[in-house]
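Heads up: the structure comes next, in C-alpha coordinates.
In the working numbering, the protein residues as written are 23 to 248.
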(Lines of atoms letter the chains of each structure in order from A and count residues from 1; the text may use other names and numbers.)
(Lines give C-alpha, C1' and ligand atoms only; values in the text may rest on other atoms or scores of the structure.)
Protein backbone atom coordinates (compact mmCIF):
# COMPACT_ATOMS: atom_id res chain seq x y z
CA UNK A 1 0.00 0.00 0.00
CA UNK A 2 2.90 2.39 0.61
CA UNK A 3 3.51 2.47 -3.16
CA UNK A 4 0.12 4.17 -3.51
CA UNK A 5 1.10 7.18 -1.39
CA UNK A 6 2.98 9.88 -3.29
CA UNK A 7 4.78 12.31 -0.98
CA UNK A 8 4.89 15.88 -2.30
CA UNK A 9 8.37 17.37 -1.94
CA UNK A 10 7.23 21.01 -2.04
CA UNK A 11 10.59 22.52 -1.14
CA UNK A 12 12.89 25.00 -2.87
CA UNK A 13 16.24 24.32 -1.21
CA UNK A 14 18.54 21.39 -1.96
CA UNK A 15 19.29 20.97 1.74
CA UNK A 16 15.59 20.55 2.54
CA UNK A 17 15.12 18.15 -0.37
CA UNK A 18 18.00 15.92 0.71
CA UNK A 19 16.87 16.01 4.34
CA UNK A 20 13.42 14.73 3.37
CA UNK A 21 14.88 12.18 0.97
CA UNK A 22 17.16 10.75 3.64
CA UNK A 23 14.36 10.68 6.21
CA UNK A 24 11.85 8.96 3.95
CA UNK A 25 14.18 6.61 2.08
CA UNK A 26 13.05 3.07 2.72
CA UNK A 27 9.66 4.23 4.00
CA UNK A 28 8.10 6.06 1.06
CA UNK A 29 8.73 4.85 -2.48
CA UNK A 30 7.04 7.49 -4.66
CA UNK A 31 7.47 11.28 -4.47
CA UNK A 32 6.04 14.26 -6.31
CA UNK A 33 8.27 17.03 -7.60
CA UNK A 34 6.11 20.05 -8.33
CA UNK A 35 6.68 23.45 -9.84
CA UNK A 36 8.22 25.09 -6.79
CA UNK A 37 10.78 22.34 -6.41
CA UNK A 38 11.56 21.81 -10.10
CA UNK A 39 11.81 25.51 -10.92
CA UNK A 40 14.13 26.02 -7.94
CA UNK A 41 16.36 22.95 -8.25
CA UNK A 42 15.87 22.00 -11.88
CA UNK A 43 16.49 18.50 -13.29
CA UNK A 44 18.86 17.87 -10.37
CA UNK A 45 15.74 17.34 -8.25
CA UNK A 46 14.84 14.30 -10.33
CA UNK A 47 18.40 13.00 -10.23
CA UNK A 48 18.55 13.34 -6.44
CA UNK A 49 15.22 11.54 -6.08
CA UNK A 50 16.37 8.70 -8.30
CA UNK A 51 19.69 8.47 -6.44
CA UNK A 52 17.67 7.82 -3.27
CA UNK A 53 15.58 5.13 -4.94
CA UNK A 54 12.30 7.03 -5.37
CA UNK A 55 9.85 6.85 -8.23
CA UNK A 56 9.03 10.38 -9.44
CA UNK A 57 5.78 12.08 -10.38
CA UNK A 58 6.84 15.31 -12.13
CA UNK A 59 3.91 17.62 -11.51
CA UNK A 60 4.34 20.54 -13.92
CA UNK A 61 0.74 20.66 -15.19
CA UNK A 62 1.73 21.48 -18.77
CA UNK A 63 -0.78 23.73 -20.53
CA UNK A 64 0.22 25.30 -23.84
CA UNK A 65 -0.26 24.86 -27.57
CA UNK A 66 -0.02 21.22 -28.72
CA UNK A 67 3.39 21.51 -30.39
CA UNK A 68 4.99 23.03 -27.29
CA UNK A 69 3.46 20.45 -24.96
CA UNK A 70 4.52 17.56 -27.19
CA UNK A 71 8.14 18.72 -27.24
CA UNK A 72 8.08 19.42 -23.51
CA UNK A 73 6.80 15.92 -22.75
CA UNK A 74 9.51 14.47 -24.95
CA UNK A 75 12.18 16.42 -23.05
CA UNK A 76 10.72 15.55 -19.63
CA UNK A 77 10.54 11.86 -20.42
CA UNK A 78 14.31 11.84 -20.97
CA UNK A 79 14.76 12.69 -17.28
CA UNK A 80 13.57 9.20 -16.38
CA UNK A 81 10.49 10.22 -14.40
CA UNK A 82 7.66 7.75 -13.82
CA UNK A 83 4.61 9.98 -14.15
CA UNK A 84 3.92 13.27 -15.98
CA UNK A 85 0.84 15.48 -16.04
CA UNK A 86 -0.78 18.06 -18.28
CA UNK A 87 -3.87 20.25 -17.84
CA UNK A 88 -6.99 18.68 -19.35
CA UNK A 89 -8.32 22.18 -19.99
CA UNK A 90 -5.67 22.43 -22.70
CA UNK A 91 -8.05 20.39 -24.82
CA UNK A 92 -8.12 17.14 -26.75
CA UNK A 93 -5.50 18.01 -29.36
CA UNK A 94 -3.04 19.22 -26.73
CA UNK A 95 -3.46 16.00 -24.76
CA UNK A 96 -3.03 13.90 -27.91
CA UNK A 97 0.18 15.81 -28.63
CA UNK A 98 1.40 15.15 -25.09
CA UNK A 99 0.72 11.45 -25.55
CA UNK A 100 2.61 11.49 -28.82
CA UNK A 101 5.56 13.12 -27.09
CA UNK A 102 6.27 10.39 -24.55
CA UNK A 103 5.72 6.79 -23.50
CA UNK A 104 5.88 7.73 -19.82
CA UNK A 105 2.71 7.30 -17.76
CA UNK A 106 0.71 10.44 -18.52
CA UNK A 107 -2.26 11.89 -16.66
CA UNK A 108 -4.35 15.04 -16.92
CA UNK A 109 -5.33 17.49 -14.20
CA UNK A 110 -9.09 18.07 -14.23
CA UNK A 111 -10.02 20.78 -11.72
CA UNK A 112 -7.68 21.86 -8.94
CA UNK A 113 -8.76 20.82 -5.45
CA UNK A 114 -8.42 24.49 -4.44
CA UNK A 115 -11.51 25.24 -6.57
CA UNK A 116 -15.12 24.82 -5.51
CA UNK A 117 -18.43 25.25 -7.32
CA UNK A 118 -18.41 29.01 -6.74
CA UNK A 119 -14.91 29.31 -8.24
CA UNK A 120 -15.93 27.26 -11.26
CA UNK A 121 -19.14 29.12 -12.02
CA UNK A 122 -18.63 32.72 -10.92
CA UNK A 123 -14.90 33.10 -11.55
CA UNK A 124 -14.22 30.80 -14.51
CA UNK A 125 -17.63 30.93 -16.16
CA UNK A 126 -18.00 27.14 -16.33
CA UNK A 127 -21.71 26.49 -15.88
CA UNK A 128 -21.53 22.73 -15.38
CA UNK A 129 -21.28 21.25 -11.91
CA UNK A 130 -17.78 20.29 -10.79
CA UNK A 131 -18.60 16.61 -11.09
CA UNK A 132 -20.01 16.93 -14.63
CA UNK A 133 -17.16 19.13 -15.80
CA UNK A 134 -14.61 16.76 -14.26
CA UNK A 135 -16.24 13.78 -15.97
CA UNK A 136 -16.11 15.61 -19.30
CA UNK A 137 -12.40 16.36 -18.89
CA UNK A 138 -11.70 12.77 -17.83
CA UNK A 139 -13.48 11.46 -20.93
CA UNK A 140 -11.35 13.75 -23.12
CA UNK A 141 -8.19 12.51 -21.41
CA UNK A 142 -9.18 8.91 -22.06
CA UNK A 143 -9.99 9.70 -25.69
CA UNK A 144 -6.54 11.27 -26.04
CA UNK A 145 -4.93 8.05 -24.86
CA UNK A 146 -3.82 9.24 -21.43
CA UNK A 147 -3.49 6.84 -18.51
CA UNK A 148 -5.67 8.68 -16.01
CA UNK A 149 -6.49 11.96 -14.33
CA UNK A 150 -5.89 14.03 -11.23
CA UNK A 151 -9.07 14.92 -9.38
CA UNK A 152 -10.44 15.20 -5.88
CA UNK A 153 -11.58 11.96 -4.30
CA UNK A 154 -15.15 13.23 -4.49
CA UNK A 155 -15.20 12.61 -8.25
CA UNK A 156 -13.35 9.29 -8.41
CA UNK A 157 -16.33 6.93 -8.40
CA UNK A 158 -17.98 8.74 -11.29
CA UNK A 159 -14.72 8.85 -13.24
CA UNK A 160 -14.24 5.10 -12.79
CA UNK A 161 -17.80 4.42 -13.95
CA UNK A 162 -17.21 6.50 -17.06
CA UNK A 163 -13.63 5.58 -17.96
CA UNK A 164 -13.12 2.15 -16.38
CA UNK A 165 -11.29 0.84 -13.34
CA UNK A 166 -7.95 0.73 -15.17
CA UNK A 167 -8.07 4.49 -15.76
CA UNK A 168 -5.87 5.91 -13.01
CA UNK A 169 -7.22 8.28 -10.38
CA UNK A 170 -4.51 10.32 -8.67
CA UNK A 171 -5.89 12.27 -5.74
CA UNK A 172 -4.49 15.38 -4.03
CA UNK A 173 -6.30 17.31 -1.32
CA UNK A 174 -5.65 14.58 1.24
CA UNK A 175 -5.66 15.55 4.90
CA UNK A 176 -5.62 13.74 8.22
CA UNK A 177 -8.53 14.42 10.57
CA UNK A 178 -6.29 16.63 12.71
CA UNK A 179 -4.90 18.70 9.82
CA UNK A 180 -5.81 22.17 8.66
CA UNK A 181 -7.06 22.19 5.06
CA UNK A 182 -5.03 25.33 4.15
CA UNK A 183 -5.87 26.38 0.55
CA UNK A 184 -7.63 23.12 -0.34
CA UNK A 185 -11.42 23.07 -0.62
CA UNK A 186 -12.35 19.55 -1.74
CA UNK A 187 -10.56 17.28 0.70
CA UNK A 188 -10.78 13.76 2.16
CA UNK A 189 -8.84 11.60 4.58
CA UNK A 190 -6.60 8.84 3.15
CA UNK A 191 -8.95 6.02 4.15
CA UNK A 192 -11.97 7.84 2.69
CA UNK A 193 -10.15 8.46 -0.60
CA UNK A 194 -9.15 4.83 -1.03
CA UNK A 195 -12.71 3.75 -0.28
CA UNK A 196 -13.85 6.05 -3.09
CA UNK A 197 -11.52 4.20 -5.48
CA UNK A 198 -8.43 6.43 -5.69
CA UNK A 199 -5.37 4.62 -7.04
CA UNK A 200 -2.75 7.05 -5.71
CA UNK A 201 -2.89 9.71 -3.00
CA UNK A 202 -0.71 12.82 -3.14
CA UNK A 203 0.11 13.96 0.39
CA UNK A 204 2.44 16.85 1.16
CA UNK A 205 2.25 19.08 4.21
CA UNK A 206 0.65 16.44 6.43
CA UNK A 207 3.86 14.41 6.08
CA UNK A 208 6.64 16.84 5.21
CA UNK A 209 5.50 19.48 7.69
CA UNK A 210 5.24 17.09 10.62
CA UNK A 211 7.88 16.68 13.31
CA UNK A 212 8.27 13.04 12.21
CA UNK A 213 7.65 12.49 8.49
CA UNK A 214 8.30 8.75 8.82
CA UNK A 215 5.99 8.47 11.82
CA UNK A 216 3.23 10.37 10.03
CA UNK A 217 3.64 8.27 6.88
CA UNK A 218 3.28 5.09 8.92
CA UNK A 219 0.31 6.57 10.78
CA UNK A 220 -1.38 7.16 7.44
CA UNK A 221 -0.75 3.55 6.43
CA UNK A 222 -2.29 2.38 9.69
CA UNK A 223 -5.35 4.58 9.17
CA UNK A 224 -5.89 3.03 5.74
CA UNK A 225 -5.78 -0.50 7.12
CA UNK A 226 -8.13 0.25 10.04
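Beta carbons: idealized from backbone N, C-alpha and C, even for Gly. Nothing here was measured: the structure is a model prediction, and the numbers come from that model.
Leaving aside the five residues before and after residue i along the sequence, list all residues of the same chain whose C-beta is less than 8 angstroms from its C-beta, in chain order.
i, result
"residue 241", "198"
"residue 228", "196, 197, 198, 201, 238 and 242"
Consult DSSP for residue i and reduce its assignment to one of helix, strand or coil.
i, result
"residue 34", "coil"
"residue 149", "coil"
"residue 181", "helix"
"residue 191", "strand"
"residue 112", "helix"
"residue 103", "coil"
"residue 166", "coil"
"residue 76", "coil"
"residue 129", "strand"
Is it the case that the Cβ atoms of residue i and residue j are separated by a distance below 8 angstroms?
i, j, result
"residue 117", "residue 130", "yes"
"residue 174", "residue 211", "no"
"residue 180", "residue 153", "yes"
"residue 163", "residue 110", "yes"
"residue 56", "residue 38", "no"
Out of the options, which has the shortest C-alpha to C-alpha gap to residue i?
i, options, result
"residue 190", "112, 223, 210 and 158", "223"
"residue 90", "121, 70 and 102", "121"
For residue i, count the other beta carbons within 10 Å of its own beta carbon; 16 or more makes it buried, fewer makes it exposed. Which is it?
i, result
"residue 112", "buried"
"residue 193", "buried"
May I ask whether a heavy atom of the ligand MG can be found less than 7 angstroms away from the beta carbon of residue i?
i, result
"residue 97", "Among the components of this structure there are no ligands whatsoever, and the ligand MG is therefore not found."
Please work out which residues of its chain come closer than 6 angstroms, Cβ to Cβ, to residue i, disregarding the five sequence neighbours upstream and downstream, and give them in chain order.
i, result
"residue 226", "30 and 32"
"residue 115", "88"
"residue 28", "52, 54, 79, 222 and 224"
"residue 105", "79 and 127"
Between which residues of its own chain and residue i is the CB-CB distance below 7 angstroms, once the five residues before and five after are set aside?
i, result
"residue 184", "157, 160 and 161"
"residue 75", "47"
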